[in-house]
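Those protein sequence lines, which keep their order, are chains C and Y.
Going by my numbering, 154 is the number at position 94 of the first sequence; the sequence numbering is gapless.
Going by my numbering, 167 is the number at position 166 of the second sequence; the sequence numbering is gapless.
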Amino acid sequence: MTAPDSRPAPGLLARALKKVGQLTSPETRSGKVFTKAERGLTQVAARLAESPTFLRVSGGLMRRGFTLQIHRTSLMEKTLHSLRVPTSSEVDSLRDQLRRMGDQVEALGSQLEHVVELLERQEQPPAASAPTSTVSPTLTPPPEPELVPRRRRSGSAR
Amino acid sequence: MNRPAQAFQRIRSFVSSQVDVSRSLAQALQDRSINPYPYLKPIFEKAAGVREPPISPTPHSVVYTRGSMRLLRYASPRRRYRTPILFVYSLINRWYILDFLPGRSLIEYLTRQGYDVYAIDWGIAGQEEQHLTWSELLGGHIRTAVRWTQRVSGSDDVTLYGYCMGGTMALAYTALHPEGVRNLVVQATPVDFSKGGVYSLWTQPQHFDVDSLVDAYGNVPTYVLESGFFMAGPVQRITKWLDLCRQIDDPAFVTTFLALERWGSDAVPFPGEVYRQYMRDCYQQNLFCQNRMEVGGERVDLSRIRCPVLNIIAEQDNIAPPAMSEPLPGLLGTKDCETMHFPVGHIGLSASSKSPVKVWPRIDGWMSQRSRPMEGGE
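And the structure:
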């Protein structure tokens with residue numbers, strides 16, 4: 061599960077983080093104070109999150125923020141267009157299209173393999189074919205799992 | 002290697018690791034993420050000497066794409082069931098929590114039990130998805146995914162498995178297109194949206210103007226979604242990292258923690274029009290559990306669902322609290338509906354260390370009784 065790093069064993073940073081952890085651990089005196097403060101802050105945050113005034117104010121601010129954002133984006137895109145420079149949304153869109161094309165090519169590969177398998181099965185003599193009783197009439201028997209390439213996509217999160 | 006060369010190698014390695022950390026921090030600052038993960042990840046990785054595990058480690062292939070959506074197939078090493086499982090994940094985060102880490106992956110577990118597993122990865126919504134509607138989502142994307150699953154697996158029906166908002170979509174889909182759905186499993190699924198705790202409160206129309214948000218951005222940006230989750234527990238979002246400090250010398254713990262945080266910080270833009278209807282009809286008017294939500298001019302009537310349904314509830318869920326999912330059996334048209342409660346949180350159902358022993362075997366038991374076996378005991 062874990063992939064140990066080949067870099068030299070970290071010392072100072074790990075020790076410093078461990079110390080921070082110890083100081084805030086509920087078993088130490090400072091940690092008890094910290095836990096109390098944390099509990100207090102949680103209560104304040106919970107109360108704030110349900111306060112009608114907070115909700116009204118934050119809702120209003122959000123609305124204003126969204127409107128400002130529209131104006132800002134529109135102004136920036138107009139300026140960039142006048143300078144004949146691609147806008148960030150255009151670059152994003154292009155990148156998006158490329159990524160989707162890559163996915164489509166991979167899917168087409170899988171689909172093609174599936175079709176080839178179906179054709180191969182059709183070419184086999186009927187006696188050798190697998191029973192099709194539980195498969196809908198429009199479907200040909202499925203490929204065996206091991207026939208399907210088990211590909212690992214390293215960048216599948218995109 | 003002689004001494005000066007060793008010393009040079011060590012200095013080089015030290016400098017290069019510092020550069021890596023600085024570069025990661027600079028990138029996080031540039032992205033202006035409100036999630037602490039991108040800022041803290043390089044520091045903890047360096048301190049613990051671990052690296053990011055791969056995303057969705059179970060071998061898979063892309064079967065079909067449509068816009069940003071991909072249909073992924075996780076073939077079973079030894080298939081026992083003809084009926085495949087199709088996962089419908091939420092539009093908020095990414096599907097790969099279902100295939101979290103080796104040994105802690107629901108998808109890996111199910112493939113080992115003999116299921117042919119498929120999962121919809123909604124991808125990253127772009128300009129094309131801004132005007133996507135519920136009707137296109139259910140009748141287009143999910144319907145085609147069901148058909149491709151049937152086609153590739155060679156089965157005329159599927160077990161539809163919805164998670165979180167994906168469960169709501171799976172319920173709506175089955176109510177509108179019941180053909181081909183043999184079993185329906187819904188996990189941590191909101192049904193009664195008036196019981197959603199702070200999320201129900203925050204999304205009320207007097208506090209939250211969904212129209213201005215969608216009109217401003219097209220798709221809902223990730224930082225808006227992230228800020229909602231952050232506000233639900235701002236203190237714990239920070240202080241849980243202190244627990245990681247205490248366990249910094251346990252590489253397995255650090256890897257699991259960082260992998261979970263990576264997934265949590267990997268929110269994707271929410272398709273605008275789908276979000277608008279979801280907020281209005283579900284959170285603001287609670288039409289879904291009243292069978293009054295309309296998709297493509299047709300009413301989503303849950304009583305039309307007549308296939309076996311498994312309703313999985315996480316007792317410590319604060320995103321879809323149990324009260325949101327509990328009314329489901331009373332709304333369905335089937336008598337074969339079982340509800341299972343597990344003492345875990347929303348994510349724990351899919352990524353907890355208890356899941357492979359306490360949660361998944363029970364889900365598998367339910368599905369195995371209702372799935373068609375392979376002919377000839379393959």
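Note that CB positions come from ideal geometry on N, CA and C, so glycine has one too.
CB contact flag (residue i, residue j, <8 angstroms)
| i | j | result |
| --- | --- | --- |
| Y/I313 | Y/L350 | yes |
| Y/I121 | Y/Y90 | yes |
| Y/R148 | Y/D117 | no |
| Y/E1 | Y/L259 | Residue 1 of chain Y lies beyond the residue range present for chain Y, which begins at 2 and ends at 379; the question has no answer from this structure. |
| Y/V182 | Y/T190 | no |
| Y/D302 | Y/N287 | no |
| Y/Y75 | Y/I98 | no |
| Y/M232 | C/A109 | yes |
| Y/T160 | Y/V186 | yes |
| Y/H347 | Y/D318 | yes |
| Y/I56 | Y/Y162 | no |
| Y/S213 | C/S170 | no |
| Y/T340 | Y/Q285 | no |
| C/D163 | Y/T66 | yes |
| Y/P330 | Y/V51 | no |
| Y/R371 | Y/N220 | no |
| C/S153 | Y/G273 | no |
| Y/L332 | Y/C283 | no |
Endpoints, beta strand (DSSP E) assigned at residue i
| i | result |
| --- | --- |
| Y/M280 | First-last for Y/M280: undefined, no H or E at that position. |
| Y/C338 | 338-343 |
| Y/M375 | Element bounds for Y/M375: n/a, residue is neither H nor E. |
| Y/Y75 | 70-75 |
| Y/Y40 | From DSSP, Y/Y40 is part of no beta strand (DSSP E) but of the alpha helix (DSSP H) over 38-49. |
| Y/Y90 | That residue, Y/Y90, is in no beta strand (DSSP E); it is neither H nor E in DSSP. |
| Y/S62 | 62-67 |
Interface residues of chain Y facing residue i [CB-CB closer than 7 angstroms]
| i | result |
| --- | --- |
| C/E137 | Neighbours of C/E137 on chain Y: none; closest Cβ ~13 angstroms, over 7 angstroms. |
| C/T84 | L243 |
| C/L101 | V236 |
| C/S170 | S62, V63, V64 |
Contact list for residue i against chain C, beta-carbon separation under 8 angstroms
| i | result |
| --- | --- |
| Y/R71 | D163, A167 |
| Y/I249 | A74, L77, K78, G81 |
| Y/L214 | M122, F126 |
| Y/A217 | F126, T127, Q129, I130 |
Extent of the continuous alpha helix (DSSP H) run through residue i
| i | result |
| --- | --- |
| C/L72 | 72-83 |
| Y/F230 | 223-233 |
| C/A106 | 89-110 |
| Y/F271 | Careful: Y/F271 lies outside any alpha helix (DSSP H) and carries neither H nor E. |
| Y/A120 | Run containing Y/A120: none in the alpha helix (DSSP H); it sits in the beta strand (DSSP E), 118-122. |
| C/V176 | 148-183 |
| Y/R113 | 107-113 |
| Y/S353 | Element bounds for Y/S353: n/a, residue is neither H nor E. |
Partner residues on chain C for residue i, Cβ-Cβ distance less than 7 angstroms
| i | result |
| --- | --- |
| Y/K336 | Under the 7 angstroms cutoff, chain C gives no residues; its nearest Cβ is about 25 angstroms from Y/K336. |
| Y/M232 | A109 |
| Y/C290 | Within chain C, no residue comes near Y/C290; the closest Cβ sits about 23 angstroms away, beyond 7 angstroms. |
| Y/T240 | E98 |
| Y/L246 | Correcting the residue identity first, residue 246 of chain Y is Cys in this sequence and not Leu. Here the neighbours are L77, K78, V80, G81. |
Amino acids of chain Y, ordered along the chain, whose beta-carbon sits closer than 8 angstroms to that of residue i
| i | result |
| --- | --- |
| C/E110 | V199, L202 |
| C/R89 | Within chain Y, no residue comes near C/R89; the closest Cβ sits about 16 angstroms away, beyond 8 angstroms. |
Within chain Y, partners of residue i - CB distance below 9 angstroms
| i | result |
| --- | --- |
| C/E183 | Correct list: empty, because the minimum Cβ distance to chain Y is about 18 angstroms. |
| C/R116 | Q207, H208 |
| C/H174 | V64, R152, V153 |
| C/L179 | Within 9 angstroms Cβ-Cβ: nothing; C/L179 doesn't reach chain Y, min ~14 angstroms. |
| C/R144 | Chain Y residues near C/R144: none, gap ~21 angstroms exceeds 9 angstroms. |
Selected residue, minimal CA-CA separation from residue i, among the options
| i | options | result |
| --- | --- | --- |
| Y/Y385 | Y/S77, Y/H132, Y/Q285 | The displayed coordinates of chain Y run from 2 to 379. Any statement about residue 385 of chain Y would go beyond what the structure contains. |
| Y/I93 | Y/Y40, Y/I12, Y/I320 | Y/I320 |
| C/L158 | Y/I125, Y/G331, Y/G50 | Y/I125 |
| Y/T84 | Y/E295, Y/S156, Y/W203, Y/H132 | Y/S156 |
| Y/T169 | Y/G234, Y/G141, Y/W135, Y/A268 | Y/W135 |
| Y/P58 | Y/P103, Y/A8, Y/E339 | Y/P103 |
| Y/G234 | C/G100, C/R181, C/G169 | C/G100 |
| Y/V382 | Y/L133, Y/A6, Y/V64, Y/P39 | This structure cannot settle anything about residue 382 of chain Y, because the visible part of chain Y is limited to 2 through 379. |
| Y/T154 | Y/E130, Y/L72, Y/H208 | Reading off the sequence shown, one finds Ser at residue 154 of chain Y, where the question assumed Thr. Nearest C-alpha to Y/S154: Y/L72. |
| Y/R373 | Y/R24, Y/G115, Y/T240 | Y/G115 |
| Y/I143 | Y/Q10, Y/E180, Y/Q131 | Y/E180 |
Interface partners of residue i on chain C, CB under 9 angstroms
| i | result |
| --- | --- |
| Y/Q1 | Residue 1 of chain Y falls outside the range modelled here, since chain Y spans only 2 to 379, and no answer is possible. |
Proximal chain A residues relative to residue i, where beta-carbon distance stays under 9 angstroms
| i | result |
| --- | --- |
| Y/A29 | Annotation note: the requested chain A is absent from the structure, which comprises protein chains C and Y. |
Length-filtered (3 minimum) beta strand (DSSP E) runs lying within the segment 137-216 of chain Y:
159-164, 182-188
Entirely within the segment 290-339 of chain Y and at least 3 residues each: give me those beta strand (DSSP E) ranges in chain order.
310-315
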